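Student:
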Amino acid sequence: MQDISINLGNYRLMVTEAPTVKMRENPRTGELETVTNRQGEVQFVVVLFAKPIAQPGKRPGKGEEIRVNLPADPGDGFDEGGYVELINPVLNTYEMRDDNGRITASGLWFKADGLKPAGQRGLSSAA
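Numbering follows my numbering, in which position 77 of the sequence shown is assigned residue number 100; successive positions increment by one, without gaps.
#1: Under the rule that 16 or more other beta-carbon atoms within 10 Å means buried, what is M46, buried or exposed?
#2: Does the beta-carbon of K85 have 16 or more other beta-carbons within 10 angstroms, so that it is buried, or is it exposed?
#3: Tell me whether P75 sits in a helix, a strand or coil according to DSSP, three-state version.
#4: To which residues of the same chain is E103 closer than 8 Å at the C-beta, ignoring the five residues directly before and after it?
#5: Going by beta-carbon coordinates alone, are T52 and V65 separated by less than 8 Å?
#6: Can you tell me where the beta strand (DSSP E) holding V107 begins and where it ends?
#7: To the nearest angstrom, report how far apart E88 and G124 are at their CA atoms.
#8: Going straight from the alpha carbon of N49 to that of I27, what length do you get?
#9: Please return the same chain residues whose Cβ sits closer than 8 Å to the Cβ of T59, not counting the five positions on each side in sequence.
#10: Could you give the residue range of the beta strand (DSSP E) that holds K156?
#11: According to DSSP, is A48 part of a helix, a strand, or is it coil?
#12: Under the assumption that P140 contacts G100 (Cβ atoms under 8 Å), give the Cβ distance between them as a whole number of angstroms.
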């Protein structure tokens, strides 16, 4: 399944690594190269710490660091330690198989159309 819409309104999203151009290692040369989409547009990535918003009478939930792919540079103002909201966040799954068809890796990845500053105390406007 691809591009599954998700609601992160019950999470505080703190920037742990500011948005940057997405890079990958070329398997043939070992050099880093810029990641582009099928249209040749440069892709970006931001690293966020997603922590559930505390609920009255419940123990606070643990957080998780997530990497979110972005289709364009979100601009300035998204520095480490700041709180953000994701614009149209989606979740994707992936599988990698060897030559015999066995699954060697699988997981999830996040993407969003962009970022915007979160409301007061890092709370989403959806919360």
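Every residue, glycine too, gets a C-beta built ideally from N, C-alpha and C.
Bear in mind the structure is a predicted one, so any value in this text is a computation, not a measurement.
Tutor: Result, derived from the coordinates:
#1: Taking every protein chain shown into account, the CB of M46 has fewer than 16 other CB atoms within 10 angstroms, so this residue is exposed.
#2: A residue is called buried when at least 16 other Cβ atoms come within 10 angstroms of its Cβ; K85 does not meet this threshold and is exposed.
#3: strand
#4: For E103, where only same-chain residues beyond five positions count, the Cβ hits under 8 Å are V38, T39, E40 and A41.
#5: For T52 and V65, no; Cβs fall outside 8 Å.
#6: Y106 to I110 is the extent of the beta strand (DSSP E) around V107.
#7: 31 Å
#8: 29 Å
#9: V65 and Q66
#10: In the structure displayed, the chain extends from 24 to 150; residue 156 sits before or after that span and is not available.
#11: The question names Ala, but residue 48 is Glu in the sequence shown. Strand at E48.
#12: 7 Å
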